[in-house]
Amino acid sequence: MILRSDEEILNALRKAAKAEKRIIAAAGWKQGQRERELKLSIALQTPKDLIAGLELRGNAILNQPDKNVTFQVTLDIRGQIFRLERIDWRPQNPHVNRFGPPGLRGLRVESAYHSFDLNSTLDLETIVRGNLPIAKPLNPEPNDFNELLISLREHLGIMNAEEIMEPPWSPTLL
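As structure tokens, then:
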């Protein structure tokens, strides 16, 4: 099926965001382009609806254990990558909502959940350009990486998220 309009693309994104997802095969973290950057890329599948192009992407920093971790679900539609949802856990800088309903606009969030439902109220261009610009606090706040994986299951719908390996962190000694 070829998606032509923004509305068709938003509907495809909505369907993928709501779907129960599973990791096809757990993969390890790899060195990113920057010196201390760790990257993870895992293909996802949906049990009921065949949605091609779903992927979980992770970012972490080598010498920052249990902080500054991001996981996002993406969908490839005709070669363009769309971000569906994202979790930022203990980021270096808080997120500030520049868009959103009155209760969320201007909110400063540390660990954040950028849900598709919140962001789908915006037009497609703003979602893409703004990298899911509306977030709410990640609740409950994970205490460690294993609890973060539980958040991936609860918020992003990745049913076997516990198969994700912890990043090979290497703390810097002072």
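Taking our numbering, the leading residue of the sequence shown gets 1474, the next gets one more, and so forth.
C-beta atoms are modelled at their ideal positions from N, C-alpha and C, and glycine is treated no differently.
query	result
Cβ neighbours of Arg1563 in the same chain (closer than 8 Å, five flanking residues each side left out)	Asp1539, Lys1540, Asn1541, Val1542, Glu1583 and Ser1584
Thr1594 classed as buried or exposed, judged by whether at least 16 other C-beta atoms fall within 10 angstroms	exposed
Cα-Cα separation between Gln1506 and Lys1512, rounded to whole angstroms	9 Å
Residue nearest to Glu1493 in terms of C-alpha spacing, selected from Arg1626, Glu1639 and Gly1552	Arg1626
Cβ neighbours of Ile1534 in the same chain (closer than 6 Å, five flanking residues each side left out)	Arg1509 and Asn1541
Check whether Ala1490 and Glu1558 have beta carbons under 8 Å apart	yes
Test item: CB-CB of Ile1524 and Ile1482 under 8 Å	no
Alpha-carbon spacing of Trp1642 relative to Gln1537, whole angstroms	7 Å
Which listed residue (Gln1553, Gly1531 and Gly1526) has its alpha carbon closest to that of Arg1477	Gln1553
Extent of the continuous alpha helix (DSSP H) run through Lys1491	Asp1479 to Lys1491
Residues that DSSP places opposite Val1582 in a beta bridge	His1568
Proximity to Ile1561 [Cα-Cα], best of Met1638, Ala1485 and Pro1610	Sequence inspection shows Asp at residue 1561; the Ile mentioned does not correspond to that position. Answer by Cα proximity: Pro1610.
Rounded straight-line distance, which links the Cα of Arg1556 to that of Glu1528	10 Å
Assigned exposure category for Gln1504 - 16 Cβ within 10 Å defines buried	exposed
Limits of the unbroken alpha helix (DSSP H) element including Leu1676	Lying before the first or after the last residue shown, residue 1676 is absent from the chain, which here runs from 1474 to 1647.
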